[in-house]
């Protein structure tokens with residue numbers, strides 16, 4: 019169980035699609051867009067690598083949700099592997115998400 023997390027707009031859904039070999043137009047693909055597209059956790063079973071399940075979660079870094087709330091709301095403690103995707107310089111919110119770990 020692998021979750022891809024990071025700030026909104028970091029192309030988390032696009033990465034999942036690339037890892038699974040899905041074009042953005044594939045009905046099985048994670049939804050992508052120029053604005054915040056992922057609003058709830060989605061599960062993707064990897065057919066190429068048996069036993070791998072990818073999770074796409076909403077982006078962090080919104081004004082209404084603290085890093086601590088994000089960690090618990092997205093249940094980041096429940097995954098076998100947490101991948102933090104960032105689009106530029108590492109900021110305070112990303113390391114803060116994992117302080118409870």
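Residue numbers (this note's numbering): 19 to 119.
Built from N, CA and C at the ideal position, the CB exists for glycine as well.
Taking only heavy atoms of the ligand ZN into account, decide whether any of them is closer than 7 Å to the Cβ of residue i.
| i | result |
| --- | --- |
| residue 51 | The ligand ZN is not part of this structure, which contains no ligands at all. |
Locate the beta strand (DSSP E) running through residue i, then write down its first and last residues.
| i | result |
| --- | --- |
| residue 42 | Premise fails: residue 42 is in no beta strand (DSSP E) and is neither H nor E. |
| residue 53 | Segment: none, residue 53 is in no beta strand (DSSP E) and carries neither H nor E. |
| residue 103 | 99-103 |
| residue 24 | 20-24 |
Where does residue i sit, in a helix, a strand or coil, going by DSSP?
| i | result |
| --- | --- |
| residue 78 | strand |
| residue 73 | strand |
| residue 30 | helix |
Tell me which residue opens and which closes the alpha helix (DSSP H) that residue i is part of.
| i | result |
| --- | --- |
| residue 120 | Nothing can be reported for residue 120, as the shown portion of the chain is limited to 19 through 119. |
Assuming the contact rule is C-beta atoms closer than 8 Å, residue i and residue j should be a hit. Round their C-beta distance to whole Å, please.
| i | j | result |
| --- | --- | --- |
| residue 71 | residue 20 | 7 Å |
| residue 105 | residue 77 | Actually they are not in contact, since the Cβ atoms of residue 105 and residue 77 sit about 10 Å apart, beyond 8 Å. |
| residue 100 | residue 91 | In fact, because the Cβ distance is near 14 Å, the residues do not count as touching under 8 Å. |
Given this structure, state the Cα-to-Cα distance separating residue i from residue j, to the nearest angstrom.
| i | j | result |
| --- | --- | --- |
| residue 42 | residue 50 | 7 Å |
| residue 98 | residue 44 | 27 Å |
| residue 31 | residue 63 | 14 Å |
What does DSSP give as the partner residue(s) for residue i in the beta ladder?
| i | result |
| --- | --- |
| residue 61 | 73 |
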